[in-house]
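Q: Take this structure, written in structure tokens, and hold onto it; I'll ask about it next.
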Amino acid sequence: MESEELLELHENLINVSSELLDLWNLLIFGDYTKGQTPILLRYGKVDDMIQGHGCSQLTNSTLKTCYGLDELVKAFVLSSHEINERVNNKGPNNYIQTFDDLIDFYFRTNILTSNLFTFLDIFVSSSSANLVISILVFVAASIMMMVLTFLIHNSIEKTEQEVNQVRSLLNYVPVDNLDAKEELRTYVLHNSLPSLIHRNHTDSNDDNVRNMLNAAVDGAVMCNDKGDIEIFNPAASRIHGRQADEVLGRPFWILFDTKYHDEIKSVMSLMIKGNHLNHAGETKEVEGLRKNGTKFPAIITISGTTYDSKVIYICFIKDISSEKKQNALLAEEKKNSENLLKNILPSAVAQKLKAGETFIAEKFSDVTCFFSDMVGFTSISSKMGANELVGMLNAIVNGFDALTEKYDLEKIKTIGDAYFATGGLWQTSDHPERVLMFALDTFYVIRTYNTSNIAQQLRKIDNLDAPDIHKVIPQIDIRIGINTGECVAGVIGTKKFAYDLWGDTINVASRMESTSKPGQVQISRSTFERVHDLPKLKFEERFVEVKGKGKMQSYLVDPSCHDCAKLNEETIKVLIDEEKSLRNELNPRESFDLTGGNVAEPPTTL
Numbered sequence: 001m002e003s004e005e006l007l008e009l010h011e012n013l014i015n016v017s018s019e020l021l022d023l024w025n026l027l028i029f030g031d032y033t034k035g036q037t038p039i040l041l042r043y044g045k046v047d048d049m050i051q052g053h054g055c056s057q058l059t060n061s062t063l064k065t066c067y068g069l070d071e072l073v074k075a076f077v078l079s080s081h082e083i084n085e086r087v088n089n090k091g092p093n094n095y096i097q098t099f100d101d102l103i104d105f106y107f108r109t110n111i112l113t114s115n116l117f118t119f120l121d122i123f124v125s126s127s128s129a130n131l132v133i134s135i136l137v138f139v140a141a142s143i144m145m146m147v148l149t150f151l152i153h154n155s156i157e158k159t160e161q162e163v164n165q166v167r168s169l170l171n172y173v174p175v176d177n178l179d180a181k182e183e184l185r186t187y188v189l190h191n192s193l194p195s196l197i198h199r200n201h202t203d204s205n206d207d208n209v210r211n212m213l214n215a216a217v218d219g220a221v222m223c224n225d226k227g228d229i230e231i232f233n234p235a236a237s238r239i240h241g242r243q244a245d246e247v248l249g250r251p252f253w254i255l256f257d258t259k260y261h262d263e264i265k266s267v268m269s270l271m272i273k274g275n276h277l278n279h280a281g282e283t284k285e286v287e288g289l290r291k292n293g294t295k296f297p298a299i300i301t302i303s304g305t306t307y308d309s310k311v312i313y314i315c316f317i318k319d320i321s322s323e324k325k326q327n328a329l330l331a332e333e334k335k336n337s338e339n340l341l342k343n344i345l346p347s348a349v350a351q352k353l354k355a356g357e358t359f360i361a362e363k364f365s366d367v368t369c370f371f372s373d374m375v376g377f378t379s380i381s382s383k384m385g386a387n388e389l390v391g392m393l394n395a396i397v398n399g400f401d402a403l404t405e406k407y408d409l410e411k412i413k414t415i416g417d418a419y420f421a422t423g424g425l426w427q428t429s430d431h432p433e434r435v436l437m438f439a440l441d442t443f444y445v446i447r448t449y450n451t452s453n454i455a456q457q458l459r460k461i462d463n464l465d466a467p468d469i470h471k472v473i474p475q476i477d478i479r480i481g482i483n484t485g486e487c488v489a490g491v492i493g494t495k496k497f498a499y500d501l502w503g504d505t506i507n508v509a510s511r512m513e514s515t516s517k518p519g520q521v522q523i524s525r526s527t528f529e530r531v532h533d534l535p536k537l538k539f540e541e542r543f544v545e546v547k548g549k550g551k552m553q554s555y556l557v558d559p560s561c562h563d564c565a566k567l568n569e570e571t572i573k574v575l576i577d578e579e580k581s582l583r584n585e586l587n588p589r590e591s592f593d594l595t596g597g598n599v600a601e602p603p604t605t606l
């Protein structure tokens with residue numbers, strides 16, 4: 001053969017052997033991307049053929065049983081590559097070695113071929129259903145179905161014949177008799193019989209009673225002395241969703257939930273034992289039971305009397321579902337109105353308005369007023385959009401509102417960025433202490449907002465390593481003023497009325513706030529006299545100029561006694577580091593092995 005032909009043969013052998021190995025791997029391991037399911041681990045015998053048994057000594061005689069098909073296929077491909085390379089090299093002493101390899105290759109090929117045929121037989125037998133068992137099951141099932149069909153057909157045919165005979169006999173019954181007997185009338189019209197004991201013979205007076213009960217708007221039921229239903233009017237049928245023939249002769253209490261059965265039985269029993277048969281009756285609120293199993297609220301009135309020397313019970317049933325729904329809606333709306341009123345006004349004032357009072361005015365001799373204002377609010381708000389501004393105020397005011405609940409204070413109103421609250425309106429003597437504790441906690445609310453706002457703003461900044469980044473994001477700070485004294489309170493106006501306070505005490509509290517330092521609480525002398533002995537608090541005495549008052553003695557609470565509203569540079573750097581770390585986790589760097597092209601796994605973050 002020419003060299004070009006040998007080269008082409010060499011390349012074809014390489015391609016064929018590689019394709020053989022790929023197809024073998026696809027067969028046993030599968031490829032879920034192509035919808036190929038693996039055959040490995042599906043059948044025990046097939047797995048034994050693929051994996052082999054393993055032997056301590058390998059010879060030509062044990063090669064067939066020791067090696068698995070997977071190893072034989074891989075060895076076949078490897079041997080074909082080696083022989084192909086040796087033939088292609090054409091070395092001087094290569095022919096004898098090549099001949100020996102071909103003999104050995106031929107022997108291994110025979111073993112592989114034999115094992116592959118055995119593998120195919122085992123695989124086909126393992127994956128195919130047992131035909132004999134399937135046929136036997138099918139035949140047995142078919143015979144059983146035919147027998148059952150025959151029996152059912154005979155039973156239906158026999159029943160139909162009996163029904164036809166009975167209905168034929170009814171042709172000889174006079175129409176008047178059919179109309180007088182409710183059971184026969186129901187059977188003729190609806191082809192059904194009620195499951196009840198034969199009713200006793202009734203005279204013409206029963207028809208009068210039946211007509212009166214049938215004319216009732218509410219559900220009406222007449223029972224005998226045992227509580228079994230004898231008359232079930234159309235209104236009761238509509239309420240319970242049952243036809244009369246379904247309940248006649250059955251106990252009255254089955255029309256209601258099981259938890260009321262004993263109570264209804266007890267009422268009926270006491271009427272007989274207590275000789276209350278002509279009593280006005282007993283009214284109960286119960287849960288009715290419809291045919292489909294649903295329940296509904298109902299009011300029943302049970303009365304006992306004697307009729308034709310027999311004890312009977314007359315029971316009236318009224319479905320109050322609509323009334324319940326209306327009452328529930330009214331109660332919910334009333335609750336919503338009361339909650340809204342309590343959110344607008346203090347509880348005591350709201351109770352007075354509900355009681356009908358229209359003019360509300362009170363004088364309080366001892367209250368403590370709180371005023372707070374945001375420092376630099378105008379400059380900060382001018383750079384905000386409407387949503388951002390309202391969101392900021394809402395977050396802070398909500399935090400203050402929660403603290404008023406904690407310290408049992410009354411929020412009076414907010415004016416722009418100012419917050420006005422008071423304590424002591426409802427005869428509590430420790431209101432100065434509670435208002436001061438409330439004031440100290442408000443700094444934590446502001447600090448929490450600043451922390452959240454800075455973290456949110458950092459997410460919008462691309463370069464977190466820029467210098468003085470902590471100065472770019474503005475922070476909110478507050479100053480607070482507190483004063484204790486007397487005031488007048490009341491509700492004014494008829495439209496959008498509000499509860500408000502007036503007096504010199506409120507004016508002084510407002511001045512304490514306006515002359516306070518940013519990030520501090522300033523209290524008046526009257527408040528200081530009530531809180532100076534509180535533990536862990538330090539005060540700085542000072543004199544401030546108050547409009548209309550001149551110089552006034554006041555006290556600043558030491559800033560070390562409460563949280564600082566504004567975050568310092570070190571705290572902001574911690575937030576910056578956290579944002580950097582979060583960005584690194586969300587965008588991990590990927591490295592590649594240039595020699596093998598495999599992607600290196602990023603380190604696991606715990």
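Residue numbering for the sequence shown follows the UniProt record's numbering, beginning at 1 and increasing consecutively. The C-beta atom is built at its ideal place from N, Cα and C for all residues, glycine as well. These numbers come from a predicted model, not from an experiment.
(1) Could you spell out the range, first to last residue, of the alpha helix (DSSP H) harbouring residue 622?
(2) How about ALA350 and ARG447: do their beta carbons lie closer than 8 Å?
(3) List the whole-angstrom C-beta distance separating THR505 from VAL367, where the pair is believed to meet the contact cut-off of C-beta under 8 Å.
(4) On the premise that THR404 lies in contact with LYS413, defined as a C-beta separation below 8 Å, what is that separation, rounded to the nearest angstrom?
(5) I need the DSSP call for LYS547, collapsed to helix, strand or coil.
(6) Please report the straight-line C-alpha distance between MET437 and VAL491, rounded to a whole angstrom.
(7) If I measure Cβ to Cβ from ILE231 and keep anything under 6 Å in the same chain, skipping five residues before and after, which residues do I get?
(8) Can you tell me whether DSSP reads ILE111 as helix, strand or coil?
(9) Kindly indicate the opening and closing residues of the beta strand (DSSP E) around TYR313.
(10) Would you kindly work out how many angstroms separate the C-alpha atoms of VAL147 and ASN154, rounded to a whole number?
(11) What does a CB cutoff of less than 6 Å around GLU4 pick up in its chain, not counting 5 residues either side in sequence?
(12) Give the range of the alpha helix (DSSP H) segment to which SER237 is assigned.
(13) Give the straight-line distance between the Cα atoms of ILE454 and ASN387, rounded to the nearest whole angstrom.
(14) In the structure shown, what three-state DSSP assignment does TRP502 receive?
(15) Would you report the Cα separation of SER17 and ILE83, rounded to the nearest angstrom?
(16) Between which two residues does the beta strand (DSSP E) containing LYS406 stretch?
(17) Could you check whether the stretch 357–372 touches the stretch 474–492, counting it as contact only if at least three pairs of C-beta atoms, one from each stretch, sit closer than 8 Å?
(18) Note the first and the last residue of the continuous beta strand (DSSP E) segment covering ASP366.
(19) Among the residues of its own chain, which have a CB less than 8 Å from the CB of GLU579, if the five just before and after it don't count?
(20) My guess is that SER524 and SER554 are in contact by the Cβ rule of under 8 Å, so how many angstroms apart are they, rounded?
(21) Whose C-alpha, out of ASP257, PHE256, TYR260, ASN233, is nearest the C-alpha of LEU248?
(22) The alpha helix (DSSP H) that contains ILE446, what's its start and end?
(23) Closest to ARG290 by CA distance: which of THR149, VAL488, CYS315, TRP253 is it?
(24) With DSSP collapsed to three states, give me the class of GLN522.
(25) Alpha helix (DSSP H) containing GLU287: first to last residue?
(26) Just how far apart, CA to CA, sit LYS310 and LYS158?
(27) Of the choices GLY68, THR422, SER80, whose alpha-carbon is the least far from that of GLU11?
(28) On the DSSP letters alone, give me the boundaries of the alpha helix (DSSP H) that THR428 sits inside.
(29) How should HIS431 be labelled, buried or exposed, when 16 other C-beta atoms within 10 angstroms of its C-beta is the threshold for buried?
(30) What did DSSP end up calling PHE497 once you bin it into helix, strand or coil?
(31) Would you call the CB atoms of GLY68 and GLN51 closer than 8 Å?
(32) Is it true that the CB of GLU540 sits closer than 8 Å to the CB of ASP558?
(33) Anyone know if the C-beta pair for ASP262 and GLY288 falls short of 8 Å?
(34) Using 8 Å as the threshold, is the stretch 333–343 in touch with the stretch 234–246, meaning 3 or more CB pairs across them?
(35) Would you call ASP593 buried or exposed, if buried means 16 or more other Cβ atoms sit within 10 Å of its Cβ?
(36) Nearest by alpha-carbon distance to MET392: which of VAL445, LEU440, SER365 is it?
A: In terms of the structure at hand:
(1) Since the first residue of the chain shown is 1 and the last is 606, residue 622 is not available in this structure.
(2) No, they are not a contact pair.
(3) With a Cβ gap of about 7 Å, THR505 and VAL367 count as contacting.
(4) About 12 Å; that fails the 8 Å criterion.
(5) Three-state result, LYS547: coil.
(6) Their backbone Cα atoms lie some 28 Å apart in a straight line.
(7) Once the five neighbours on either side are set aside, the close Cβ partners of ILE231 are ARG210, LEU213, MET222.
(8) DSSP places ILE111 within a helical segment (H, G or I) once states are collapsed to three.
(9) Where TYR313 is concerned, the enclosing beta strand (DSSP E) starts and stops at 310–319.
(10) The alpha-carbon of VAL147 is positioned some 11 Å away from that of ASN154.
(11) Nothing meets the Cβ criterion.
(12) Where SER237 is concerned, the enclosing alpha helix (DSSP H) stretches over 234–240.
(13) For ILE454 and ASN387, the distance between alpha carbons rounds to 17 Å.
(14) In the structure shown, TRP502 sits in a strand (DSSP, three-state: E or B).
(15) SER17 and ILE83: Cα-Cα distance of roughly 12 Å.
(16) Counting along the chain, LYS406 falls outside any beta strand (DSSP E), though it belongs to the alpha helix (DSSP H) covering 386–406.
(17) The stretch 357–372 makes contact with the stretch 474–492, as at least three CB pairs between them are under 8 Å.
(18) Segment 360–375, the beta strand (DSSP E) holding ASP366.
(19) Beyond the five residues adjoining it in sequence on each side, GLU579 comes within less than 8 Å, by CB distance, of ALA455, LEU458, ARG459, LEU464 in the same chain, given in chain order.
(20) Sure, about 6 Å apart at Cβ, within 8 Å.
(21) It is ASN233.
(22) In the DSSP assignment, ILE446 falls within the alpha helix (DSSP H) that extends over 431–459.
(23) The shortest C-alpha separation from ARG290 is found at TRP253.
(24) Residue state, collapsed to three classes: strand.
(25) No alpha helix (DSSP H) holds GLU287; the beta strand (DSSP E) holding it covers 282–289.
(26) LYS310 and LYS158 have their alpha carbons spaced roughly 43 Å apart.
(27) Cα-wise, what sits closest to GLU11 is SER80.
(28) In the DSSP assignment, THR428 falls outside any alpha helix (DSSP H) and carries neither an H nor an E.
(29) That one is buried.
(30) Reduced to three states, the DSSP call for PHE497 is coil.
(31) At the C-beta level, GLY68 and GLN51 come within 8 Å of one another.
(32) Yes, they are a contact pair.
(33) For the pair ASP262 and GLY288, the CB atoms are not nearer than the 8 Å cut-off.
(34) Judged by Cβ distances under 8 Å, the stretch 333–343 makes no contact with the stretch 234–246, as fewer than three pairs qualify.
(35) Unreliable placement is indicated for ASP593, whose pLDDT of 42 sits below 50; the coordinate value is still reported in the next sentence. Around the beta carbon of ASP593, a 10 Å sphere encloses fewer than 16 other beta carbons of the protein chains shown; the residue is thus reported as exposed.
(36) For MET392, the nearest C-alpha among the options comes from VAL445.
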